[in-house]
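Each remark here refers to the structure printed beneath this line.
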Amino acid sequence: MSDFIPLSVPNIKGNAWKYVKRCLDTGWVSSAGAYVETFEGKLRAFTGAGHAVAVVNGTSGLQLALRLSGVEAGDEVLVPALTFIAPVNAVRYLGAEPVFLDCDAFMNLDPAGLGEFLKTACRGTARGLVNKKTGRRVKAVLPVHIFGNPCDLAAIMKLARDYGLKVIEDATESLGSYYTAGKYKGKHTGTIGDFGVYSFNGNKIITTGSGGMVVTADKKMAAKARYLATQAKDDAVRYVHNEVGYNFRMTNIQAALGAAQLEQLPAFIKRKKDNYAFYRKALAGVKGLELLGVPEGTSPNYWFYSLLIDKAAFGLDREGLMAALGKAGIQTRPVWHLNNLQEPYRRNQAYKVNRAPWFVERVLNLPCSTGLTKEQAARVVAAVKAERN
Ligand SMILES: Cc1ncc(COP(=O)(O)O)c(C=O)c1O
180 MSDFIPLSVP NIKGNAWKYV KRCLDTGWVS SAGAYVETFE GKLRAFTGAG HAVAVVNGTS
240 GLQLALRLSG VEAGDEVLVP ALTFIAPVNA VRYLGAEPVF LDCDAFMNLD PAGLGEFLKT
300 ACRGTARGLV NKKTGRRVKA VLPVHIFGNP CDLAAIMKLA RDYGLKVIED ATESLGSYYT
360 AGKYKGKHTG TIGDFGVYSF NGNKIITTGS GGMVVTADKK MAAKARYLAT QAKDDAVRYV
420 HNEVGYNFRM TNIQAALGAA QLEQLPAFIK RKKDNYAFYR KALAGVKGLE LLGVPEGTSP
480 NYWFYSLLID KAAFGLDREG LMAALGKAGI QTRPVWHLNN LQEPYRRNQA YKVNRAPWFV
540 ERVLNLPCST GLTKEQAARV VAAVKAERN
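Under the numbering used here, the first residue of the sequence shown is numbered 180, with each subsequent residue one higher.
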């Protein structure tokens with residue numbers, strides 16, 4: 180059998196060894212050290228974010244952002260039914276409850292459904308917007324830029340402002356994605372809401388092993404994020420703490436790797452885009468298959484390539500194709516089980532989640548590593564085509 184082709188693996192190159200070695204050689208291996216600031220500065224420069232705070236992972240970054248948005252126990256946060264479970268768990272860590280909304284044609288949070296929910300299922304009260312069904316205060320909305328495709332943030336931000344909601348952008352999958360038209364032309368995902376959060380997990384477009392970054396335009400909020408992430412230390416010498424903080428700071432070793440990885444990001448995005456174009460062209464015309472497109476007015480980072488499979492026309496369903504590719508040494512993955520159906524969230528409200536199940540049944544994500552070669556991509560295409568009707 181030819182070599183195994185993984186779904187999405189790290190691509191460590193450039194200055195990674197040099198920067199990490201410097202940490203090891205100097206003993207600056209923990210959460211103090213120059214690379215944390217360097218990495219934060221490089222990320223600010225790349226995305227245009229006002230302030231950036233490096234943290235241990237994207238999930239903890241989301242938890243911090245939600246807390247700083249004023250989300251408290253008993254509040255509700257509007258989240259997508261179709262996303263990785265991390266942002267949903269982050270809501271629950273604060274004792275708050277997720278309400279699940281449907282997706283649009285790009286698997287992103289559907290602004291039409293959000294608007295309808297806010298208009299018909301909520302009412303304004305002295306303590307803020309309240310969900311008529313549960314009586315809970317609705318505090319924030321958390322759109323996720325799924326697989327790197329930017330959400331329709333112009334519509335989501337307008338609704339959030341109209342109804343007094345905070346916006347936390349889950350940009351964990353979309354580092355490098357930006358808008359090319361409309362109100363946010365030139366702006367990167369993650370830099371538009373009250374907070375944005377990136378992830379540098381091993382499967383992301385750049386990695387620090389594990390890591391995340393909270394960004395915000397609000398200087399005070401950034402300082403508070405840093406404070407809370409560092410055990411809310413009010414006096415670092417006498418150990419005085421006036422709030423319950425977290426140990427969420429990124430280490431210098433992770434940041435050193437991140438700084439080196441960020442230098443590679445433009446080349447990584449180019450490779451992702453080229454491979455996407457290759458897959459799209461090579462699979463065009465195969466009956467029953469379609470590679471998910473790109474929202475108009477956006478330039479995504481092409482993090483994942485989602486193949487939509489119509490079983491009747493292709494002759495094989497998603498499970499069948501995944502198994503066949505697995506046998507050929509090609510790793511693929513379906514999209515997530517819906518969050519409103521997950522055991523911890525089955526009893527939470529799901530508002531008209533009608534489109535998401537369609538994607539759950541059909542999506543198969545193809546190998547998309549930034550190190551994926553043309554030859555490997557061609558092998559994937561040949562293996563897919565070998566299964567058609
Ligand atoms: C949509 C989404 N949100 C949040 C996360 C959490 O990031 P991390 O793994 O860095 O905690 C991830 C990925 O892991 C993700 O894909």
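No residue lacks a Cβ here, since even glycine has one placed at the ideal position from N, Cα and C.
| Query | Result |
| --- | --- |
| Could you check if A446 is buried or exposed, using at least 16 other CB atoms within 10 Å of its CB as the buried criterion? | exposed |
| Under 8 Å, do A275 and E255 count as touching if we go by C-beta distance? | yes |
| Counting beta carbon pairs with one atom in the segment 207-219 and one in the segment 399-407, are three or more of them shorter than 8 Å? | no |
| For the segment 278-285 against the segment 242-250, are there 3 or more C-beta pairs whose distance is under 8 Å? | no |
| Whose C-beta lies closer than 7 Å to the C-beta of R459 among residues of the same chain, with five residues either side of it excluded? | L470 |
| Between the C-alpha atoms of Q410 and A507, what's the straight-line distance to the nearest angstrom? | 49 Å |
| How many Å lie between F493 and V563 at the Cα? | 10 Å |
| What separation, rounded to the nearest whole angstrom, lies between the Cα atoms of V473 and T359? | 12 Å |
| I need the boundaries of the beta strand (DSSP E) containing V317, first residue and last residue. | 317-320 |
| Enumerated in chain order, which unbroken segments of the beta strand (DSSP E) with a length of 3 residues or greater are wholly contained in the segment 222-276? | 230-234, 255-259 |
| Just to confirm, are A503 and N519 a CB contact at a threshold of 8 Å? | no |
| Name the residue from M336, V514, V267 whose alpha carbon lies nearest to the alpha carbon of E522. | V267 |
| Rounded to whole angstroms, how far is the Cβ of I509 from the Cβ of P479, which I believe are closer than 8 Å? | Not quite, the Cβ-Cβ distance comes to about 23 Å (not below 8 Å), so this is no contact. |
| Along the beta strand (DSSP E) that carries N544, what are the first and last residues, could you check? | 542-545 |
| Going by beta carbon distance, what residues of the same chain come within less than 8 Å of V559, once the five residues before and after it are set aside? | I184, Y458, L504, I509, L545, P546 |
| Is D349 a contact residue of ligand 1, with contact defined as CB to any heavy atom under 7 Å? | yes |
| Between which two residues does the beta strand (DSSP E) containing E566 stretch? | Premise fails: E566 is in no beta strand (DSSP E) and is neither H nor E. |
| Could you confirm whether any beta carbon from chain B is found closer than 8 Å to the beta carbon of G314? | Reference to chain B is not applicable here, since this structure consists of a single protein chain. |
| Using 8 Å as the Cβ pair cut-off and three pairs as the minimum, do the segment 384-398 and the segment 435-452 touch? | yes |
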